[in-house]
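Per UniProt numbering, the very first residue in the sequence shown carries number 1; after that it's consecutive.
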Amino acid sequence: LDNLQDPASAIPKGTLLALLISMVSYALMVLFSGGGALRDASGNLTDLVFANGTVVDYSGLASCITNNGTEFNCKYGLHNSYSVMQLMSAWGPFIYGGCWAATLSTALTNLLSVPRLIQALGTDRIYPGLIFFSKPYGKYGEPYRGYVLTFFVSLLFLLIADLNTIAPLISNFYLASYALINFCTFHAALVRPLGWRPTFRYYNVWLSLIGFLSCVAIMLLISWVMSLVTFAIFFTLYLIVHYRDPDVNWGSSTQAQIYKTALSSAYNLAKTGEHVKNYWPQLLVLAGRPQSRPALVDLGNLITKAGSLMIVGDISQERVSYKERSVRLRADAEWLRLRKVRAFCSRVHGFGFEAGARALVQAAGVGRLAPNVLLMGYKADWTTAPAEDLVAYFNVLHTAFESRLAVAIVRVCGGLDYGALSAETAASSSLTGTSSGSHDELRVRRAPLIMHADSDLDITRAASADQPRHNLSSTLSLDATDSILTLSTSRSFTISETNSTKERKKKDKKNDMHRQIVYNTSTGLELSKDQLSQMTIFQRKQEAGTLDVWWLYDDGGLTILLPYIISQRSTWGNCKLRIFALANRLHEMELEERNMANLLAKFRIDYSSLTMVQDITDPPQPETTKLFEDITKKFTEESANPDCCISETELLTLAEKTKRQLRLRELLLANSKDARLVVMSLPMPRKGSVSAPLYMAWLEMMSRDMPPMMFVRGNHTSVLTFYS
1 LDNLQDPASA IPKGTLLALL ISMVSYALMV LFSGGGALRD ASGNLTDLVF ANGTVVDYSG
61 LASCITNNGT EFNCKYGLHN SYSVMQLMSA WGPFIYGGCW AATLSTALTN LLSVPRLIQA
121 LGTDRIYPGL IFFSKPYGKY GEPYRGYVLT FFVSLLFLLI ADLNTIAPLI SNFYLASYAL
181 INFCTFHAAL VRPLGWRPTF RYYNVWLSLI GFLSCVAIML LISWVMSLVT FAIFFTLYLI
241 VHYRDPDVNW GSSTQAQIYK TALSSAYNLA KTGEHVKNYW PQLLVLAGRP QSRPALVDLG
301 NLITKAGSLM IVGDISQERV SYKERSVRLR ADAEWLRLRK VRAFCSRVHG FGFEAGARAL
361 VQAAGVGRLA PNVLLMGYKA DWTTAPAEDL VAYFNVLHTA FESRLAVAIV RVCGGLDYGA
421 LSAETAASSS LTGTSSGSHD ELRVRRAPLI MHADSDLDIT RAASADQPRH NLSSTLSLDA
481 TDSILTLSTS RSFTISETNS TKERKKKDKK NDMHRQIVYN TSTGLELSKD QLSQMTIFQR
541 KQEAGTLDVW WLYDDGGLTI LLPYIISQRS TWGNCKLRIF ALANRLHEME LEERNMANLL
601 AKFRIDYSSL TMVQDITDPP QPETTKLFED ITKKFTEESA NPDCCISETE LLTLAEKTKR
661 QLRLRELLLA NSKDARLVVM SLPMPRKGSV SAPLYMAWLE MMSRDMPPMM FVRGNHTSVL
721 TFYS
């Protein structure tokens, strides 16, 4: 192509001219051979003439029939002998010269193109067996190994030593390739991406389809057995490419087809009304960069996995350039892909936390593909955070409810925030930990990630080279005064695999990430197993236990639906679903329990036990009240910030609600202390009725000293139905 002055004109003209010359040559040969040789002949000239020299039978067919018409004995003629062309030629060896010329031209073409094709396939790592043969040599990167492979493949066909056997197979391969080219052209013309602009004046989409069907038909006419073999080989090659999913971008028409299909589906979906039977929780996860809160992203993936929408929202106070923004988005998307999490990343910069969250809530998604649930981490540092940060966090809840979004708040022991670690794959990496067959490294460096802290980790000291092995809390730093993660050093971290080849082959590919990799600093310090376990708490296989649901309010059923979805995942198959509900009429406990059981049965919710909580109105224990007073003491003092304080009037007005939350803490500790996950109805933060510190104190009391906990509050839209 580089040597052609006008490839767009020369290639089609040269191809069509070559086809025309070939067709004319074949037509002339048919005429010449038909005019100079019989179809069937015995080889004896006397069979055709009388003694006086007149011709008897022009076809020579009668001379071939013997034994009263029972046998046919003709060894010569166009139909029976392959040497007719040699007999008709001026000099027989001319035929060998022509064969040699045609063979050498084809061989040289293949010898130049096939090894390069093998090299390209190996370089893109499309077929594992070709990677070895793709190694380049010399100044121009010659694929010498590819030359050797091409020679031996050609030799295998030569060893058949029968041209009539080889010809149908080779012809079928050629026809199959032509058929695929025609089909690809037809598909591209049918989809009509903007980049499809054929320059051939007489091109028509239906010509490509006719060419495709013609090639397939000729393949079957030549040899249906060889055709089936060819189809099987091509289909196998396609399956290998499909399941290996190589990280290459060919700009194929399939991408355009996917885009058009997705766009059309989104339009059609927007035109249809919502129905409770087709409800799916679509999450907006305020996780910052996904690698900063992997447990929160994993929990969202448990809910939306392979069936719903998840958008990971990242909010940054500092303005970033387009280039840096694109790099971060690509890195985050790659991290999600390699972790096998189906989610989209949405990033807003130049906003505070409250304004950024409002922008994401209002603008994330398109049409019906928009979030209906806000998933966020619990703000564990709310007692020490600046007042404006606490109020901003609290206001985000109001923003979500005002936008008719459900809200889910997650708290785990040790916290969710690993924002001081920002994962970046190395150039040769395929992300360790997600595949047990990789030896590559995942380098992790410190980076300023602007998101409000939601971690219980005491990240206060920088690691030194002479320290022994420490957990994460001794290797990172956090500026706790403004709840914004900052950098203390430029020390880098490395995540590398330690399993040997034999060990990896024995392990299941679905092994947990923390079993396959070791996190350590550039000085060799490894993070503790407890910290690694917390990072992958919602990714790994759960041991036998319970998934407890405290369904306290009627919010549309989301509080019961989310844990049910989680319980259906394979990683939570060992956990039984237990449901706790409030008894409204204490003197009719059996009737209440029976009604609740019937309701769950109609909703087709499988559970192991149902408990009706009847002593919710009992006063809390003095030590529980004392703990609450200690937590809220800072906000009830006269020196408290007037924008973030708890007044005496508020405490008196909400005294009954406060006692209810304190009593719930005691019930939670008594019944769900050992659960694998607790899902509980989130108290409604009435705007203008409850302050941010008092509301956070309620959540603190119910979630402190508890296993992983998720507060859920629906938007009072029904998400469960009796009908299937």
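Ideal Cβ placement from N, Cα and C applies to all residues, glycine included.
Sequence-distant residues of the same chain with beta carbon closer than 8 angstroms to residue i, five excluded per side
i, result
"Pro281", "Ile303, Thr304, Ser308, Asn372, Val373, Ala406, Leu558, Leu561, Leu562, Ile565, Val719"
"Phe200", "Pro12"
Other residues of its chain near residue i: CB distance less than 6 angstroms, five sequence neighbours each side excluded
i, result
"Gln467", "Low per-residue confidence applies at Gln467: pLDDT is 38, beneath 50, and the placement is therefore not dependable, though the value from the model is reported in the following sentence. Once the five neighbours on either side are set aside, Gln467 has no close Cβ partner at all."
"Glu318", "none"
"Phe635", "Cys645, Ile646, Pro693"
"Cys215", "Leu175, Tyr178, Ala179"
Cβ neighbour criterion (16 or more within 10 Å) applied to residue i
i, result
"His79", "exposed"
"Thr272", "exposed"
"Asn301", "buried"
"Pro622", "exposed"
"Ile160", "exposed"
"Leu121", "buried"
"Tyr279", "buried"
"Pro143", "buried"
"Ala423", "Legend: pLDDT at Ala423 = 42, less than 50; position of this residue unreliable, no value from coordinates given."
"Leu237", "exposed"
"Lys379", "buried"
"Ser265", "exposed"
"Glu354", "buried"
"Leu397", "buried"
"Thr230", "buried"
Inter-residue spacing [alpha-carbon to alpha-carbon] between residue i and residue j
i, j, result
"Met709", "Met702", "9 angstroms"
"Ser430", "Leu338", "Here Ser430 scores only 32 on pLDDT, less than 50, and its place in the model should not be relied on; the value that follows carries that caveat. Approximately 7 angstroms between the Cα atoms of the pair."
"Asn209", "Phe186", "Note that residue 209 corresponds to Leu in the displayed sequence, not to Asn. Near 6 angstroms, if we compare the C-alpha coordinates of Phe186 and Leu209."
"Leu17", "Val366", "52 angstroms"
"Asn671", "Asp298", "26 angstroms"
"Arg39", "Ile11", "39 angstroms"
"Leu577", "Asp548", "6 angstroms"
"Glu648", "Val361", "34 angstroms"
"Ile537", "Tyr607", "23 angstroms"
"Arg293", "Gln539", "12 angstroms"
"Trp100", "Met85", "16 angstroms"
"residue 734", "Phe235", "Nothing in the structure corresponds to residue 734, since the chain is present only between 1 and 724."
"Thr254", "Ala189", "12 angstroms"
"Gly377", "Ser346", "17 angstroms"
"Arg665", "Val679", "13 angstroms"
"Arg358", "Ala400", "8 angstroms"
As assigned by DSSP and simplified to three states, the class of residue i
i, result
"Lys135", "coil"
"His439", "Caution applies to His439, whose pLDDT of 33 falls short of 50 and renders its modelled position unreliable; the value that the coordinates give is listed next. Reduced to three states, the DSSP call for His439 is coil."
"Met535", "helix"
"Ala581", "strand"
"Cys644", "coil"
"Ala161", "coil"
"Leu457", "Residue placement at Leu457 is poorly supported in this model, since its pLDDT is 37, which falls under 50; the coordinates still yield a value, given next. Reduced to three states, the DSSP call for Leu457 is coil."
"Phe351", "coil"
"Asp314", "strand"
"Met709", "strand"
"Thr199", "coil"
"Trp100", "helix"
"Met376", "strand"
"Ala544", "coil"
"Cys184", "helix"
"Thr611", "strand"
Interface flag, residue i vs chain C, CB-CB below 8 angstroms
i, result
"Thr632", "In the displayed structure, chain C is absent; only one protein chain is listed."
Own chain, CB closer than 7 angstroms to residue i, minus 5 neighbours either side, in chain order
i, result
"Asp6", "none"
"Asn182", "Ser208, Gly211, Phe212, Cys215"
Endpoints, alpha helix (DSSP H) assigned at residue i
i, result
"Ile409", "Ile409 -> not in any alpha helix (DSSP H); beta strand (DSSP E) instead, spanning 406-411."
"Phe151", "144-158"
"Trp698", "692-703"
"Ile565", "558-567"
"Phe235", "224-244"
"Trp335", "322-338"
"Ser9", "7-36"
"Asn268", "253-271"
The beta strand (DSSP E) enclosing residue i, as first and last residue numbers
i, result
"Ser681", "677-681"
"Leu654", "Neither: Leu654 is in no beta strand (DSSP E) and is coded neither H nor E."
"Val285", "283-286"
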